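Quick notes on the structure that follows.
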Amino acid sequence: VYKGIFQTELPIPEVKAKTYTYRNETTGNEIDFYEVDVRPFYQQVYPGLKPARLVGYDGMSPGPTFKMTRGREAIVRFKNHGDKDLSVHLHGSFSRAPFDGWAEDTTKVGQYKDYYYPNKQSGRTMWYHDHAVHHTAENAYFGQAGFYILTDPAENGLGLPSGPYDVPLGLASKQYNRDGTLFDPKDETDSLYGDVIHVNGQPWPFMNVEPRKYRFRILDTSISRAFKITLEDDRSTKLPFHVIAADTGLMTKPVKTDNLEISMAERWEIVVDFSAYKGKNVTMKNARDVQADEDYNSTNKIMRFVVGSKVTTQDGNGELPSSLRTVQFPPRKNGIDKSFKFGRTNGQWMVNGVTFSDVKNRILAKPQRGAVEVWELENSSGGWSHPVHIHLVDFQILTRTGGKRGVLPYEKEAMKDVVLLGRNEKVTVIARYAPYDGVYMFHCHNLIHEDHDMMAAFNVTSLAD
Ligand code: C2O
Ligand code: CU
3 VYKGIFQTEL
13 PIPEVKAKTY
23 TYRNETTGNE
33 IDFYEVDVRP
43 FYQQVYPGLK
53 PARLVGYDGM
63 SPGPTFKMTR
73 GREAIVRFKN
83 HGDKDLSVHL
93 HGSFSRAPFD
103 GWAEDTTKVG
113 QYKDYYYPNK
123 QSGRTMWYHD
133 HAVHHTAENA
143 YFGQAGFYIL
153 TDPAENGLGL
163 PSGPYDVPLG
173 LASKQYNRDG
183 TLFDPKDETD
193 SLYGDVIHVN
203 GQPWPFMNVE
213 PRKYRFRILD
223 TSISRAFKIT
233 LEDDRSTKLP
243 FHVIAADTGL
253 MTKPVKTDNL
263 EISMAERWEI
273 VVDFSAYKGK
283 NVTMKNARDV
293 QADEDYNSTN
303 KIMRFVVGSK
313 VTTQDGNGEL
323 PSSLRTVQFP
333 PRKNGIDKSF
343 KFGRTNGQWM
353 VNGVTFSDVK
363 NRILAKPQRG
373 AVEVWELENS
383 SGGWSHPVHI
393 HLVDFQILTR
403 TGGKRGVLPY
413 EKEAMKDVVL
423 LGRNEKVTVI
433 ARYAPYDGVY
443 MFHCHNLIHE
453 DHDMMAAFNV
463 TSLAD
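Structural data, given as structure tokens:
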């Protein structure tokens with residue numbers, strides 16, 4: 003049993019510095035160049051036991067945070083000094099196919115690969131994580147995940163909390179061995195829910211906050227656990243808060259709620275006002291019985307905010323604007339263009355009966371470049387939930403049927419790149435398949451399911467069939 007719940011301060015991953023900037027002779031644009039070393043490091047989680055051996059970007063977990071500005075291109079060199087093949091996916095970026103972290107495009111130990119990132123999308127909280135074929139769960143779980151925040155000058159006039167009041171919170175759920183080392187998920191074929199909740203790498207941390215507004219960028223990096231988050235005072239009264247952004251950046255308007263559902267790879271940003279809680283605690287909790295996940299003693303706790311008495315600055319502490327931005331939803335169209343069943347047959351995870359190892363059959367769709375299509379995603383596996391991620395595109399969730407939930411209020415105001423299919427749920431999503439041609443993956447983001455081939459591909463093409 004972990005003894006120090008809410009005893010250790012929340013770490014904030016350091017911001018990645020560029021190596022240098024150079025000018026592209028052809029375009030005249032400046033390009034920032036970064037280098038990341040993937041290497042082993044040790045983390046003492048249980049005092050008196052062995053430290054856990056992890057392998058992370060620059061020897062950290064989460065990796066350093068990239069803070070990029072819309073309109074400035076970047077190249078990131080990832081050097082593999084770890085012990086397994088790796089591939090890096092920038093989740094949320096419309097990267098060209100060769101830089102999208104295709105699962106079989108692995109960088110071997112001792113090699114490096116340069117990834118080009120256009121940074122041309124609207125401001126959003128992205129994350130970079132491993133995507134190596136059949137090893138993604140292990141690599142991500144042992145540390146290869148980090149924030150990549152694309153800032154957009156268009157957000158500057160909104161008066162949102164910024165600087166030290168804009169905080170990334172990367173959630174994860176893990177399991178340790180009796181000797182203090184991290185349990186290896188390599189033999190799991192179902193899910194690894196984990197009994198230890200981490201935020202930014204630290205189990206159950208606390209954070210000192212001022213009695214004012216904060217923006218939290220919440221990301222679920224867990225390999226199998228989804229959360230239903232509440233913020234509660236010491237009497238277990240739930241605080242209201244506002245959801246302001248999703249996977250692809252700001253929503254049309256803030257949505258007030260007192261609970262937030264977040265599954266693997268999703269990003270939701272919230273604004274919380276601590277001004278009424280001077281000198282008190284506010285605890286971030288997780289519900290019991292979220293989806294099909296297993297509960298343990300303390301998986302209903304996430305972290306604690308310890309509210310002080312002094313406000314240093316009123317910057318970004320005003321009223322939230324009633325509208326945040328004009329989200330470019332795709333034009334509505336009727337009908338369903340393609341249907342995909344996320345299922346399980348004789349213990350094998352599949353998409354429409356196909357596995358990612360089935361190389362000849364795994365391209366399940368060929369959208370014309372620029373076409374707007376409606377895809378139906380169905381959970382036909384029985385007792386599991388599946389967060390489905392479609393690479394390259396931003397999509398709008400149109401419907402959710404078959405289970406207990408409809409489209410959630412905050413999902414309605416957002417464009418997404420991951421959507422959770424709860425038990426028996428069927429979701430329709432609409433997206434424009436652009437801007438590039440190429441073969442891209444779509445898959446379940448329960449990384450155990452992904453590694454066991456619940457992954458397929460689509461080929462965006464400008465050629466007629
Ligand atoms: Cu976040 Cu295909 O992955
Ligand atoms: Cu799944």
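Sequential numbering from 3 applies to the sequence shown in the numbering used here.
Cβ coordinates follow ideal geometry from the N, Cα and C atoms, glycine included.
Nothing here was measured: the structure is a model prediction, and the numbers come from that model.
Task: By C-beta, the residues closer than 6 angstroms to any heavy atom of the ligand C2O, given in chain order - done: Every residue with a CB closer than 6 angstroms to a heavy atom of the ligand C2O is listed here in chain order: 91, 93, 131, 133, 267, 391, 393, 443, 445, 447.
- [ ] Just tell me which of 404, 411, 312, 283 has its CA closest to the CA of residue 214.
- [x] Looking up residue 214 in the sequence shown gives position 212. For residue 214, the closest alpha carbon among the candidates 404, 411, 312, 283 is that of 312.
Open item on the list: DSSP three-state label for residue 410, please.
Closed with: Walking along the sequence shown from the start, residue 410 turns up at place 408. Here residue 410 sits in coil by DSSP.
Open item on the list: So, with DSSP's three-state summary, where would you put residue 400?
Closed with: On the sequence shown, residue 400 is found 398 positions in, with the first residue counted as 1. Three-state DSSP puts residue 400 in a strand.
Open item on the list: Between which two residues does the alpha helix (DSSP H) holding residue 139 run?
Closed with: Here the question's residue 139 lines up with position 137 in the sequence shown. Residues 138-143.
TODO: Round the Cβ separation of residue 462 and residue 438 to the nearest angstrom and send it over; I've been treating them as touching at under 8 angstroms.
DONE: Your numbering for residue 462 matches position 460 in the sequence shown. Your numbering for residue 438 matches position 436 in the sequence shown. Approximately 7 angstroms separates the beta-carbon atoms of residue 462 and residue 438; this is inside 8 angstroms, confirming the contact.
- [ ] Starting from the Cα of residue 440, find the closest Cα among 11, 76, 433, 459 and give me that residue.
- [x] As a first step, residue 440 is located in the sequence shown; it is residue number 438 there, counting from the start. With distances taken between CA atoms, residue 440 lies nearest to 459 out of 11, 76, 433, 459.
TODO: Under the assumption that residue 195 contacts residue 226 (Cβ atoms under 8 angstroms), give the Cβ distance between them as a whole number of angstroms.
DONE: Working through the sequence shown from its first residue, we reach residue 195 at position 193. Working through the sequence shown from its first residue, we reach residue 226 at position 224. Residue 195 to residue 226, Cβ: 5 angstroms. Contact.
Task: Cross-strand partners of residue 200 (DSSP beta bridge) - done: For the purposes of this step, residue 200 is identified with residue 198 of the sequence shown, where counting begins at 1. Paired residue(s): 174, 205.
Task: Local Cβ density within 10 Å of residue 5, reported as buried at 16 or more and exposed below that - done: Position 3 of the sequence shown holds residue 5. The residue in question, residue 5, is exposed, as its Cβ has fewer than 16 Cβ neighbours within 10 Å.
Open item on the list: Please report the distance separating the alpha-carbon of residue 385 from that of residue 316.
Closed with: By 1-based counting over the sequence shown, the position of residue 385 is 383. By 1-based counting over the sequence shown, the position of residue 316 is 314. Going from the Cα of residue 385 to the Cα of residue 316 covers about 48 angstroms.
- [ ] Drop a sphere of 10 angstroms on the beta-carbon of residue 464, count the other beta-carbons inside from all chains shown, and report buried for 16 or more, exposed for fewer.
- [x] Here the question's residue 464 lines up with position 462 in the sequence shown. By the neighbour-count rule (16 or more Cβ atoms within 10 Å), residue 464 is not buried but exposed.
Open item on the list: Could you pull the DSSP bridge partners for residue 128 from this structure?
Closed with: Taking the first residue of the sequence shown as 1, we reach residue 128 at position 126. Answer is 150.
Task: Inter-residue spacing [alpha-carbon to alpha-carbon] between residue 472 and residue 7 - done: Residue 472 lies beyond the range of the chain shown here (3 to 467); nothing can be said about it.
- [ ] Would you decide whether residue 83 is buried or exposed? Buried here means 16 or more other CB atoms lie within 10 Å of its CB.
- [x] Locating residue 83 in the sequence shown gives position 81, where the first residue counts as 1. The residue in question, residue 83, is exposed, as its Cβ has fewer than 16 Cβ neighbours within 10 Å.
- [ ] Just the C-alpha distance for residue 174 and residue 382, rounded to the nearest angstrom, thanks.
- [x] Counted from its first residue, the sequence shown places residue 174 at position 172. Counted from its first residue, the sequence shown places residue 382 at position 380. Spanning the two alpha carbons is a distance of roughly 26 angstroms.
TODO: Would you mind giving the Cβ-Cβ distance between residue 218 and residue 171, rounded to the nearest angstrom? I have them listed as a contact below 8 angstroms.
DONE: Indexing the sequence shown from 1 puts residue 218 at position 216. Indexing the sequence shown from 1 puts residue 171 at position 169. A Cβ-Cβ separation of about 5 angstroms places residue 218 in contact with residue 171 under the 8 angstroms criterion.
Task: Burial state of residue 478 (16 or more Cβ within 10 Å) - done: The structure shown does not extend to residue 478, since the chain is modelled only from 3 through 467, so no value can be given for it.
- [ ] Indicate, with yes or no, if the ligand CU has a heavy atom lying under 6 angstroms from the CB of residue 286.
- [x] Taking the sequence shown and counting its residues from 1, the one referred to as residue 286 is at position 284. Answer for residue 286: no, Cβ out of range of the ligand CU.
Open item on the list: Three Cβ pairs or more, each shorter than 8 angstroms: is that satisfied between the region 92-99 and the region 291-307?
Closed with: Of all C-beta pairs linking the region 92-99 to the region 291-307, fewer than three are shorter than 8 angstroms, placing the two stretches out of contact.
Open item on the list: So residue 266 and residue 222 are supposed to be a Cβ contact under 8 angstroms. How far apart are they, rounded?
Closed with: By 1-based counting over the sequence shown, the position of residue 266 is 264. By 1-based counting over the sequence shown, the position of residue 222 is 220. Contact holds; Cβ gap of about 5 angstroms.
Open item on the list: Tell me the residue span of the alpha helix (DSSP H) that contains residue 452.
Closed with: Taking the sequence shown and counting its residues from 1, one reaches residue 452 at position 450. Residue 452 -> alpha helix (DSSP H) spans 449-453.
Task: Bounding residues of the beta strand (DSSP E) (the contiguous stretch that carries residue 117) - done: If you number the sequence shown from 1, residue 117 lands on position 115. 114-119 is the extent of the beta strand (DSSP E) around residue 117.
TODO: Take residue 357 and list the residues in its own chain whose beta-carbon comes closer than 7 angstroms to its own, dropping the five residues that flank it on each side.
DONE: Residue mapping note: residue 357 aligns to position 355 of the sequence shown, counting from 1. The beta carbon of residue 357 sits closer than 7 angstroms to those of 350, 455, all from its chain and outside the five residues before and after it, given in chain order.
Task: DSSP three-state assignment for residue 158, whether helix, strand or coil - done: Taking the sequence shown and counting its residues from 1, the one referred to as residue 158 is at position 156. If DSSP states are grouped into helix, strand and coil, residue 158 belongs with the helices.
Open item on the list: If you measure between the beta carbons of residue 414 and residue 397, is that distance less than 7 angstroms?
Closed with: Sequence index remark: in the sequence shown, residue 414 carries index 412 (1-based). Sequence index remark: in the sequence shown, residue 397 carries index 395 (1-based). Here residue 414 is not near residue 397, since their CB atoms are 7 angstroms or more apart.
Task: At least three beta-carbon pairs within less than 8 angstroms, the region 151-162 to the region 179-192 - done: Not touching, per the Cβ criterion.
Task: Opposing strand residues paired with residue 168 [DSSP bridges] - done: Along the sequence shown, one-based indexing puts residue 168 at 166. DSSP output for residue 168 lists 217 as bridge partner(s).
Task: Bridge-paired residues (DSSP) for residue 305 - done: Numbered from its first residue, the sequence shown carries residue 305 at position 303. Bridge partners of residue 305: 286.
Task: residue 327 and residue 422 closer than 7 angstroms at C-beta - done: For the purposes of this step, residue 327 is taken as the residue at position 325 of the sequence shown. For the purposes of this step, residue 422 is taken as the residue at position 420 of the sequence shown. Note that the C-beta distance between residue 327 and residue 422 is not below 7 angstroms.
Open item on the list: Do residue 367 and residue 340 count as a contact pair if the criterion is CB distance below 7 angstroms?
Closed with: Walking along the sequence shown from the start, residue 340 turns up at place 338. Walking along the sequence shown from the start, residue 367 turns up at place 365. Yes; because the gap between Cβ atoms is below 7 angstroms, this pair is in contact.
Task: Segment contact, 8 angstroms Cβ cut-off, at least three pairs: the region 24-33 with the region 130-149 - done: The region 24-33, when compared against the region 130-149, does not touch it at the 8 angstroms Cβ threshold.
TODO: Rounded to whole angstroms, what's the CA-CA distance from residue 275 to residue 201? Just pull it up for me.
DONE: Residue mapping note: residue 275 aligns to position 273 of the sequence shown, counting from 1. Residue mapping note: residue 201 aligns to position 199 of the sequence shown, counting from 1. For the pair residue 275 and residue 201, the Cα-to-Cα distance works out to about 20 angstroms.
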